[in-house]
Amino acid sequence: MKIINKAEIVDLLEQEKSLSGPLGFRHSNGLLKKGMNKKINEIAGFSEQILKMIRKFGKKKEIVFLECSCGKSYLSFVLSYIFERESNTIPYFFGVDTNRGLIQKCEETRDVMGYNNMVFNHGRTIDFSADRKIDMVIALHACNTATDEAIAKGIKVGAKYIMVVPCCQGQLRSQIKNHHPLTSVTQFGLLRSKFADILTDALRSQFLMGNGYYVELLEIVPPKLTPKNILISARKIKNTSKRNLEEYYQLNNIFKTNFSLQEYFCEQPLNDDRACAC
Ligand SMILES: C[S@@+](CC[C@H](N)C(=O)[O-])C[C@H]1O[C@@H](n2cnc3c(N)ncnc32)[C@H](O)[C@@H]1O
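When we follow UniProt numbering, the leftmost residue of the sequence shown carries the number 1, and every step to the right adds one.
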């Protein structure tokens, strides 16, 4: 695969009308829409990390993606385009979103581009089921707890890779006002908000580690372009027998949150000895 870095993918999106046209990145006169610059950079930065992961660890010829909260599925279309042009790997894409209109739009774009390796589903990520084994779960800016649904779905289907760039994170802000040792930080609304974002991503990362994933956090674009630039990149590791959710519980016990990611596992035992608390 030749195209690997972010700058090359940005170039591709800016130069290749057969890709950026159907994705709606151009005006009817063919000029690139200025307002798409941020989205193009986010897609390029995220795709770069996905391609790196596959190049380094993906041994399979066929790789099945699930894009959660796919919206117009920009990410899947760009990846499909790159794989078709540059790689021997055969990708297959599922997309899921709660917005029926956007799912219809994805189907139209797929037909325009002539891709028969894509299926789109209307519904919640957590309710999605596929007739193929999912290798990689991806989600770009899945709102609030929709990112947790993507992580939960990835763990439940045993995806080898789970890569998510979270969006707004509202769930913990109101939960960490008091009753923990860092109230002198969280008493200030602005700091509480930033701290809630950090705590949310830390809990997500610990939860993934406790479920047998090696986790790295990276920035896909500079923070001045968007503060929603953190990628949680998780790769399933083979020997998971000694891993458990102790660190996740330790962190969560300090702040005593009701963290939604954990709740998606209440119907089955977690990778831990203790019973589910809900
Ligand atoms: C900010 S948009 C991001 C769309 C796309 N990933 C992108 O980056 O352009 C968030 C999307 O999440 C979808 N969504 C929200 N909650 C969802 C859920 N529980 N399951 C699936 N999709 C969801 C919305 O319909 C919306 O399309």
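By construction, the Cβ of each residue, glycine as well, lies at the ideal position given by its N, Cα and C atoms.
In whole angstroms, what separates the C-alpha of Cys-68 from that of Ile-138?
About 6 Å.
Alpha carbon to alpha carbon, what distance is there between Val-78 and Ala-142?
Taking the straight line from one Cα to the other gives about 18 Å.
To the nearest angstrom, report how far apart Leu-51 and Lys-228 are at their CA atoms.
So the two alpha carbons sit approximately 20 Å from each other.
I'd like to check one pair, Phe-94 with Leu-66: are the Cβ atoms closer than 8 Å?
Taking 8 Å as the Cβ cut-off, Leu-66 and Phe-94 qualify as a contacting pair.
Apart from the five residues just before and just after Gly-71, which ones in its own chain have a Cβ nearer than 7 Å to its Cβ?
Answer for Gly-71: Asp-97, Leu-102, listed in chain order.
Sorted by chain position, which residues of the same chain lie with C-beta nearer than 7 Å to Val-157's C-beta, five sequence neighbours on each side aside?
Excluding sequence neighbours, Val-157 sits near Ile-134.
Quick check: what's the CA-CA separation for Thr-183 versus Ala-202?
Distance between the alpha carbons of Thr-183 and Ala-202 is about 18 Å.
Ignoring anything shorter than 3 residues, give me the beta strand (DSSP E) runs that lie fully in the stretch 56 to 125, in order along the chain.
Listed in chain order, the complete beta strand (DSSP E) runs (minimum 3 residues) inside the stretch 56 to 125 are 62 to 68, 90 to 97, 118 to 122.
Which same chain residues end up closer than 8 Å to Lys-238 when comparing Cβ atoms and leaving out the 5 residues on each side of it in sequence?
Excluding positions up to five away in sequence, the list is empty.
Residues in the same chain with beta-carbon distance under 8 Å from Asp-273, minus the five sequence neighbours each way, listed in chain order, please.
For Asp-273, the predicted structure reports a pLDDT of 44, less than 50, and the residue's modelled location is therefore unreliable. A value from the coordinates is still provided. These residues qualify, in order along the chain: Asn-244.
Nearest by alpha-carbon distance to Arg-124: which of Arg-132, Leu-23, Asp-148 is it?
Residue Asp-148 is the option with its Cα nearest to Arg-124.
Could you work out which residue in Glu-216, Gly-210, Leu-12 is closest to Phe-265 when comparing CA atoms only?
When only C-alpha atoms are compared, the closest one is Gly-210.
If you measure from the CB of Gly-154, is any heavy atom of ligand 1 nearer than 7 Å?
No.
Does the Cβ-Cβ distance between Ile-220 and Gly-45 come in under 8 Å?
Cβ atoms of Ile-220 and Gly-45: closer than 8 Å.
DSSP state of Tyr-249, grouped into three classes?
Helix.
Can you say whether Leu-208 is buried or exposed, counting buried as having 16 or more other CB atoms within 10 angstroms of its CB?
Counting Cβ neighbours within 10 Å, Leu-208 comes out buried, since at least 16 surround it.
Only counting the same chain, and skipping five residues up and downstream in sequence, which positions put a Cβ closer than 7 Å to that of Asn-5?
Around Asn-5: Glu-48.
Reducing DSSP to helix, strand and coil, say where Val-164 ends up.
The answer is strand: DSSP assigns Val-164 an E or B state.
Check this for me: beta carbons of Asn-117 and Ser-87, under 8 Å apart or not?
Their beta carbons are not under 8 Å apart, which means Asn-117 does not touch Ser-87 by this criterion.
If I measure Cβ to Cβ from Leu-13 and keep anything under 6 Å in the same chain, skipping five residues before and after, which residues do I get?
Ser-20, Ile-40.
Assuming Phe-120 and Lys-153 form a contact by the criterion Cβ under 8 Å, report the distance between their Cβ atoms to the nearest whole angstrom.
Going by Cβ atoms, the distance from Phe-120 to Lys-153 rounds to 16 Å, so no, they are not a contact pair.
Nearest to Ile-43 by CA position, among Glu-84, His-27, Val-10, is which residue?
Taking only the C-alpha atoms, the option nearest Ile-43 is Val-10.
Name the DSSP bridge partner or partners of Val-185?
In DSSP, Val-185 forms no bridge with anything.
Could you give the first and the last residue of the continuous alpha helix (DSSP H) run that contains Ala-234?
That residue, Ala-234, is in no alpha helix (DSSP H); its beta strand (DSSP E) goes 230 to 236.
Just to confirm, is the Cβ distance from Pro-166 to Ile-126 under 8 Å?
No, they are not a contact pair.
For Cys-168, I'd like the list of residues in its chain whose CB is within less than 8 Å of its CB, leaving aside the five on either flank, ordered along the chain.
These residues qualify, in order along the chain: Cys-143, Asn-144, Lys-228.
Taking 7 Å as the cut-off, does the CB of Lys-6 come closer than this to any heavy atom belonging to ligand 1?
False, no ligand heavy atom lies under 7 Å from that Cβ.
What are the partner residues of Met-136, as DSSP defines its beta bridges?
BP columns for Met-136 point to Phe-65, Tyr-161.
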